[in-house]
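*Asks:* FYI, the numbering for the sequence shown is 13 to 118, going by my numbering.
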Amino acid sequence: MSHPRHSLDPRIHAPVRFSLMAALAATGEADFKALRETLEVSESLLSQHMRVLEEAGYVDIRKGFVGKRARTWLSLTPEGQAAFAAHWETLSAIAANPLAAPTTTD
């Protein structure tokens, strides 16, 4: 038997990564600059967190140009969508019944 918190994904659970995943789940694809401004983080911090999610296979990073300006867009992969949905479901279950008996993993 184990508490549902054990199934939370540590690659998503960090506040910046969770916020990034939530933003991408809501928008489909977002520009790096817009995400940085929305999440109120530095470029280097956002870059670090997006690399963790990319290495996990949760985020796709696409680079291109708009005019002569380099741009970076991020989107969730199908694996990222599934992982975020599972993480959200676990958080919701914990919040809905925080004193529930642990679940079994038989």
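Even glycine gets a Cβ: it sits at the ideal position worked out from N, Cα and C.
What number of angstroms, rounded off, separates the C-alpha of ILE73 from the C-alpha of ALA34?
*Replies:* For the purposes of this step, residue 73 is taken as the residue at position 61 of the sequence shown. For the purposes of this step, residue 34 is taken as the residue at position 22 of the sequence shown. Going from the Cα of ILE73 to the Cα of ALA34 covers about 16 Å.
*Asks:* Would you grab the beta carbon distance between THR84 and PHE44 for me? Rounded to a whole angstrom, and I think it's under 8 Å.
*Replies:* Within the sequence shown, the letter at position 72 stands for residue 84. Within the sequence shown, the letter at position 32 stands for residue 44. 4 Å between Cβ atoms; contact.
*Asks:* Under the rule that 16 or more other beta-carbon atoms within 10 Å means buried, what is ARG63, buried or exposed?
*Replies:* The residue you call residue 63 lines up with position 51 of the sequence shown. Exposed, since its Cβ has fewer than 16 Cβ neighbours within 10 Å.
*Asks:* When the Cα atoms are used, what is the spatial distance from HIS15 to SER59?
*Replies:* Mapped onto the sequence shown, residue 15 falls at position 3. Mapped onto the sequence shown, residue 59 falls at position 47. In a straight line, the C-alpha of HIS15 is about 32 Å away from that of SER59.
*Asks:* In terms of alpha-carbon separation, which member of ALA82, PHE30 and GLY92 lies closest to LEU51?
*Replies:* Translated into positions along the sequence shown, residue 51 becomes position 39. With distances taken between Cα atoms, LEU51 lies closest to PHE30.
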